[in-house]
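Numbering (our numbering), first residue to last: 1125 to 1235. Cβ coordinates follow ideal geometry from the N, Cα and C atoms, glycine included. Heads up, the thing below is written out as structure tokens.
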DNA sequence: GATATGACATGTT
DNA sequence: CAACATGCCATAT
């Protein structure tokens, strides 16, 4: 029987997200690639968006390739994410267009 | 099944 | 560095 949807892929992505250690950040594309599905960066974002609110997924550790939050600055989630990242020890640089995450020191998997 | 949208990535201008 | 354009794929209508 055929699956209604690729729950395996979704689960793989969720597993990858849950595998991000504290004090580290990762980009959507990297997560998708680690999950075994390169190019599905959008899928990762879609999952997080549709995730239940009381989720154990550290979505705040997920950022885009620009090194910034995926939400518009000033939004609740944006502030919450930045607060959490700083609390985890992640370096965030204040920039004119918003706070930029120093992934050079917090990127995962670093090695 | 086609069209539109999306918590993206990458390249070019 | 910023804006624009293109690719990639799943979900919603």
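Beta-bridge partners of residue 1195, as assigned by DSSP
Answer is none; residue 1195 lacks a bridge partner.
CB of residue 1184 within 8 angstroms of CB of residue 1204, strictly:
yes
Residue 1165 and residue 1140 look like a contact to me (Cβ under 8 angstroms); what is the Cβ gap, rounded to whole Å?
Incorrect: roughly 12 angstroms between the Cβ atoms, too far for contact.
Distance, residue 1151 Cα to residue 1206 Cα:
15 angstroms
Mapping DSSP to helix, strand and coil, what is residue 1146?
coil
With residue 1219 as the anchor, note down where its beta strand (DSSP E) starts and where it stops.
1216-1219
Starting from residue 1155 and walking both ways along the alpha helix (DSSP H), at which residues does that stretch end?
1152-1158
Buried or exposed for residue 1126, please, with buried defined as at least 16 other CB atoms from any protein chain shown within 10 angstroms of its CB.
Only weak support is given to the placement of residue 1126: the predicted model assigns it a pLDDT of 48, under 50, and the question is left unresolved by the model.
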